[in-house]
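**Q**
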Amino acid sequence: MKRCLKKCICAVLAVLLCLTMAGCFGTTADELYRLPRSSERSTRIQRSIDERLVSGLEFSAPVAGYNRQAIQQYDLDGDGIQEVIAFFRTEGDAPLEIDIIRETGGEYQLAAQIFGEGRAVDSVQYSDMDGDGVCELLVGWQMSTLAKVLDIYSIRDYQPVPLAESAYGSYICCDLNGTPGDEVLILKDPGTESAGEAVAYTLMQDGEILTSSAALSREAEAISRVQSGETSDRHAAVFVDSICGGGLVTDVLAMREEMLYNIVLDGQSENPTVRPLNVYCSDIDRDGVMEIPEPRQLYSQSETPYYAICWNTRTVRGFSMEKLCTYHNFTDGWYLILPEGLSQTLTVRRLDTVSGERTVVLSTVSGGGSDPTITDCLAIYTLTGDNKAERAAMTGRFLLADDDRRLFAASILSGGKDLITEEQIGESFSLIRTRWLTGTY
5 MKRCLKKCIC AVLAVLLCLT MAGCFGTTAD ELYRLPRSSE RSTRIQRSID
55 ERLVSGLEFS APVAGYNRQA IQQYDLDGDG IQEVIAFFRT EGDAPLEIDI
105 IRETGGEYQL AAQIFGEGRA VDSVQYSDMD GDGVCELLVG WQMSTLAKVL
155 DIYSIRDYQP VPLAESAYGS YICCDLNGTP GDEVLILKDP GTESAGEAVA
205 YTLMQDGEIL TSSAALSREA EAISRVQSGE TSDRHAAVFV DSICGGGLVT
255 DVLAMREEML YNIVLDGQSE NPTVRPLNVY CSDIDRDGVM EIPEPRQLYS
305 QSETPYYAIC WNTRTVRGFS MEKLCTYHNF TDGWYLILPE GLSQTLTVRR
355 LDTVSGERTV VLSTVSGGGS DPTITDCLAI YTLTGDNKAE RAAMTGRFLL
405 ADDDRRLFAA SILSGGKDLI TEEQIGESFS LIRTRWLTGT Y
């Protein structure tokens with residue numbers, strides 16, 4: 005009897021779970037944009053949005069950047085209450101519409117509107133540029149597949165006022181000059197006959213916009229990634245990685261006496277950061293300072309080229325210093341900060357003869373000529389398959405990492421006994437994490 009009762013209860017729970025999971029069937033596209041109806045506040049916001057939709061508008065969310073929702077909430081004026089920013093499409097010469105809706109007397113009412121031309125809102129960003137506690141609104145309009153225009157609006161007192169307009173490839177907001185408020189750094193892609201350009205926009209307290217520009221490297225073909233970070237002497241900078249042939253080149257942009265300049269090009273005609281690998285700038289040791297990669301080709305035991313990557317920092321004046329070296333295994337998705345005893349004499353080879361086990365052997369090379377001495381120091385294994393745990397626990401091996409699908413293990417070989425320890429390797433080993441960017445903003 006108890007067994008039957010237990011089965012009945014499980015069956016009822018299973019049906020209820022299925023009904024709960026199936027709750028989205030029959031939902032319209034507009035309903036998918038609705039805010040959760042979990043509070044009275046959400047209900048009031050949705051009521052205001054519904055009024056806009058009844059008038060013939062339809063949702064048109066930004067297509068790039070971090071803020072891609074058709075309905076967004078942000079405290080624009082610093083009063084602790086979030087406004088609602090909704091993105092629509094309508095008919096006419098300026099079909100794109102951005103509505104700012106605020107709470108008044110317990111209800112949400114339309115406070116301001118911005119209209120724009122083009123195919124879509126490319127991106128939106130909220131940034132307090134003058135440090136007064138009220139955000140400026142940055143809207144990128146997608147005019148065509150290749151053309152984008154950024155408008156900067158003051159929305160003080162819910163009165164949208166255009167402050168600046170510029171074509172752009174990408175942009176980033178960050179404090180470059182150390183004063184209250186953010187600069188907006190607009191980056192323009194290189195052309196066939198001209199180098200790329202960066203333009204910094206600074207909003208003064210009196211509402212005036214100051215601009216300053218700097219050229220990107222002439223080797224740059226197309227901007228690939230834009231990141232803010234710090235130089236080794238703790239100055240704010242923007243690191244721009246651009247495609248260059250089959251690799252990348254880095255520009256580092258900072259401000260000096262309110263003027264934008266390119267640290268790596270200061271007084272140089274050629275950029276020394278050109279590299280043959282698609283390795284981006286990174287805070288590789290997580291100390292808050294951005295490092296620039298410089299690949300160094302290793303002695304090869306086969307026709308496949310292998311590289312150690314030296315990571316260099318820059319001061320705001322452009323002085324370079326090597327921080328550390330790594331070996332990156334992009335095929336298997338890991339990297340190792342190289343111990344000092346390995347970094348100067350490293351050579352690498354792969355062994356893929358065992359099914360479900362990919363091995364990289366790190367060795368030292370000594371002696372000159374065509375037949376140098378190779379001394380194996382460390383083997384790192386990428387293990388897959390049903391018996392990966394057993395193979396990771398084989399004699400002499402120790403576990404490094406587990407990413408659910410694979411196990412990573414290592415063994416110190418005879419030539420590495422006096423150079424490295426298991427603890428060193430464990431602390432120096434990291435998985436390469438894919439950065440899921442929705443844009444370069």
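Residue numbers (this note's numbering): 5 to 445. We put the beta carbon where it would ideally sit given N, CA and C, even for glycine.
1. So what's G345 in DSSP terms, helix, strand or just coil?
2. Which same chain residues end up closer than 7 Å to T386 when comparing Cβ atoms and leaving out the 5 residues on each side of it in sequence?
3. Please report the straight-line C-alpha distance between A241 and T277, rounded to a whole angstrom.
4. Assuming A383 contacts A405 under a Cβ cut-off of 8 Å, what Cβ separation, rounded to an integer in Å, is found between them?
5. So T215 is in the beta strand (DSSP E); what residue range does that whole segment cover?
6. Could you tell me which whole beta strand (DSSP E) segments of length 3 or greater appear in the segment 305-340?
7. Per the DSSP calculation, N282 is bridged to which residue(s)?
8. I'd like to check one pair, Q146 with V67: are the Cβ atoms closer than 9 Å?
9. Assuming G389 is part of the alpha helix (DSSP H), what are its boundary residues?
10. Could you tell me the alpha carbon to alpha carbon distance between D136 and A258, rounded to whole angstroms?
11. By Cβ distance, which residues of its chain are closer than 8 Å to T235, with the 5 residues on each side in sequence left out?
12. By a C-beta neighbour count over all protein chains shown, 10 Å radius and 16 as the cutoff for buried, is T368 buried or exposed?
13. Just to confirm before moving on: does the CB-CB distance between V143 and S170 stay below 9 Å?
14. Check this for me: beta carbons of Q129 and Y205, under 9 Å apart or not?
15. Tell me the DSSP secondary structure of R123 in three-state form.
16. How about L302 and T351: do their beta carbons lie closer than 9 Å?
17. Secondary structure at D179, three-state DSSP: helix, strand or coil?
18. Quick one: is P166 buried, meaning 16 or more other Cβ sit within 10 Å of its Cβ, or exposed?
19. Could you pull the DSSP bridge partners for E95 from this structure?
20. Report the three-state DSSP secondary structure of Q163 (helix, strand or coil).
21. Using beta-carbon positions only, say whether Y449 and S43 come within less than 9 Å of one another.
22. DSSP three-state label for T47, please.
23. Find the nearest neighbour of G420 within the set E344, R260 and S324, judged by alpha-carbon distance.
24. Can you have a look at F447 and say buried or exposed, based on whether 16 or more other CB atoms are within 10 angstroms of its CB?
25. Applying the 10 Å Cβ sphere with the 16-neighbour rule, what's the burial state of E431?
26. Closer than 8 Å by C-beta to E187: which residues in its own chain qualify, once you throw out the five before and the five after it? Chain order, please.
27. Opposite L191 in the DSSP bridges: which residues?
28. Measure how close the beta-carbons of W315 and F433 come, nearest whole angstrom, since I'm counting them as under 8 Å.
29. For A151 and F119, which I take to be in contact (beta-carbon distance under 8 Å), what is that distance rounded to the nearest angstrom?
30. With E87 and I105 assumed to form a contact (beta carbons below 8 Å), what rounded beta-carbon distance in angstroms separates them?
31. Starting from I85, follow the beta strand (DSSP E) in both directions and report where the run begins and ends.
32. Below 8 Å on the Cβ atoms is my guess for L191 versus I227; work out the distance and round it to an integer in Å.
33. Can you give the beta carbon distance from E201 to L220, rounded, assuming they're within the 8 Å contact cut?
34. Indicate the three-state DSSP secondary structure (helix, strand or coil) for V352 in the structure shown.
35. Please go through the same chain and pick out, in chain order, the residues whose beta-carbon is closer than 7 Å to the beta-carbon of V82, but skip the five residues on each side of it.
36. Report back the beta-carbon spacing between E274 and C248 to the nearest angstrom; my notes put them in contact at under 8 Å.
**A** Quick look at the numbers:
1. For the purposes of this step, residue 345 is taken as the residue at position 341 of the sequence shown. Helix, per DSSP.
2. By 1-based counting over the sequence shown, the position of residue 386 is 382. Within the same chain, T386 has close Cβ partners D336, R362, R410 and F412.
3. Locating residue 241 in the sequence shown gives position 237, counting from the first residue. Locating residue 277 in the sequence shown gives position 273, counting from the first residue. Approximately 16 Å between the Cα atoms of the pair.
4. Residue numbering aside, residue 383 sits at position 379 when the sequence shown is read from its first letter. Residue numbering aside, residue 405 sits at position 401 when the sequence shown is read from its first letter. Rounded, the Cβ-Cβ distance is 15 Å, inconsistent with contact.
5. Locating residue 215 in the sequence shown gives position 211, where the first residue counts as 1. I213 to A219 is the span of the beta strand (DSSP E), which, as asked, contains T215.
6. 311-318 and 324-333
7. Stepping through the sequence shown from its first residue, residue 282 is reached at position 278. Bridge partners of N282: none, in fact.
8. By 1-based counting over the sequence shown, the position of residue 67 is 63. By 1-based counting over the sequence shown, the position of residue 146 is 142. Their beta carbons are under 9 Å apart, which means V67 touches Q146 by this criterion.
9. Taking the first residue of the sequence shown as 1, we reach residue 389 at position 385. Per DSSP, G389 belongs to no alpha helix (DSSP H) and is neither H nor E.
10. Working through the sequence shown from its first residue, we reach residue 136 at position 132. Working through the sequence shown from its first residue, we reach residue 258 at position 254. Each residue's alpha carbon lies about 23 Å from the other.
11. Position 231 of the sequence shown, counted from the first residue, corresponds to residue 235. For T235, where only same-chain residues beyond five positions count, the Cβ hits under 8 Å are A241, V256, A258, I267, V293, M294, T317, R318, T319 and V320.
12. The residue you call residue 368 lines up with position 364 of the sequence shown. Result: buried.
13. For the purposes of this step, residue 143 is taken as the residue at position 139 of the sequence shown. For the purposes of this step, residue 170 is taken as the residue at position 166 of the sequence shown. Going by C-beta atoms, V143 is not nearer than 9 Å to S170.
14. Within the sequence shown, numbered from 1, the residue matching residue 129 stands at position 125. Within the sequence shown, numbered from 1, the residue matching residue 205 stands at position 201. Contact: no.
15. In the sequence shown, counting from the first residue as 1, residue 123 sits at position 119. Reduced to three states, the DSSP call for R123 is coil.
16. By one-based count along the sequence shown, residue 302 stands at place 298. By one-based count along the sequence shown, residue 351 stands at place 347. In contact: L302 and T351 (Cβ atoms closer than 9 Å).
17. As a working mapping, residue 179 is identified with position 175 in the sequence shown. In this structure, D179 counts as coil in the three-state DSSP scheme.
18. Residue 166 sits at position 162 when you count from the first residue of the sequence shown. Exposed, since its Cβ has fewer than 16 Cβ neighbours within 10 Å.
19. Position 91 of the sequence shown holds residue 95. Paired residue(s): none; E95 is not in a bridge.
20. Here residue 163 corresponds to residue number 159 of the sequence shown, with the count starting at 1. Residue state, collapsed to three classes: coil.
21. Lying before the first or after the last residue shown, residue 449 is absent from the chain, which here runs from 5 to 445.
22. As a working note, residue 47 is residue 43 in the sequence shown. Of the three classes helix, strand and coil, the one that applies to T47 here is helix, per DSSP.
23. Locating residue 420 in the sequence shown gives position 416, where the first residue counts as 1. Checking every option, the nearest Cα to that of G420 belongs to E344.
24. Given a span of 5 to 445 for the chain in the structure shown, any question on residue 447 remains unanswerable.
25. Numbered from 1 along the sequence shown, position 427 holds the residue referred to as residue 431. With fewer than 16 other Cβ atoms within 10 Å, it is exposed.
26. For this step, residue 187 is matched to residue 183 along the sequence shown. Same-chain partners within the cutoff: M133, C177, C178, D179, L180, N181, A204, Y205, T206 and M259.
27. Within the sequence shown, the letter at position 187 stands for residue 191. Answer is S174 and A202, bridged to L191.
28. Against the sequence shown, residue 315 aligns to sequence position 311. Against the sequence shown, residue 433 aligns to sequence position 429. In fact, because the Cβ distance is near 16 Å, the residues do not count as touching under 8 Å.
29. Counting from one through the sequence shown, the residue named residue 151 turns up at place 147. Counting from one through the sequence shown, the residue named residue 119 turns up at place 115. In fact, because the Cβ distance is near 18 Å, the residues do not count as touching under 8 Å.
30. As a first step, residue 87 is located in the sequence shown; it is residue number 83 there, counting from the start. As a first step, residue 105 is located in the sequence shown; it is residue number 101 there, counting from the start. About 7 Å; that satisfies the 8 Å criterion.
31. Mapped onto the sequence shown, residue 85 falls at position 81. Unbroken run through I85: none, as it is neither H nor E.
32. As a working note, residue 191 is residue 187 in the sequence shown. As a working note, residue 227 is residue 223 in the sequence shown. The Cβ separation is near 6 Å, so the contact holds.
33. Translated into positions along the sequence shown, residue 201 becomes position 197. Translated into positions along the sequence shown, residue 220 becomes position 216. Contact holds; Cβ gap of about 6 Å.
34. Here the question's residue 352 lines up with position 348 in the sequence shown. In the structure shown, V352 sits in a strand (DSSP, three-state: E or B).
35. The residue given as residue 82 occupies position 78 in the sequence shown. According to the sequence displayed, residue 82 carries Gly and not Val. Same-chain partners within the cutoff: G137 and V138.
36. Taking the first residue of the sequence shown as 1, we reach residue 274 at position 270. Taking the first residue of the sequence shown as 1, we reach residue 248 at position 244. The pair is not a contact, with the Cβ atoms about 11 Å apart (cut-off 8 Å).
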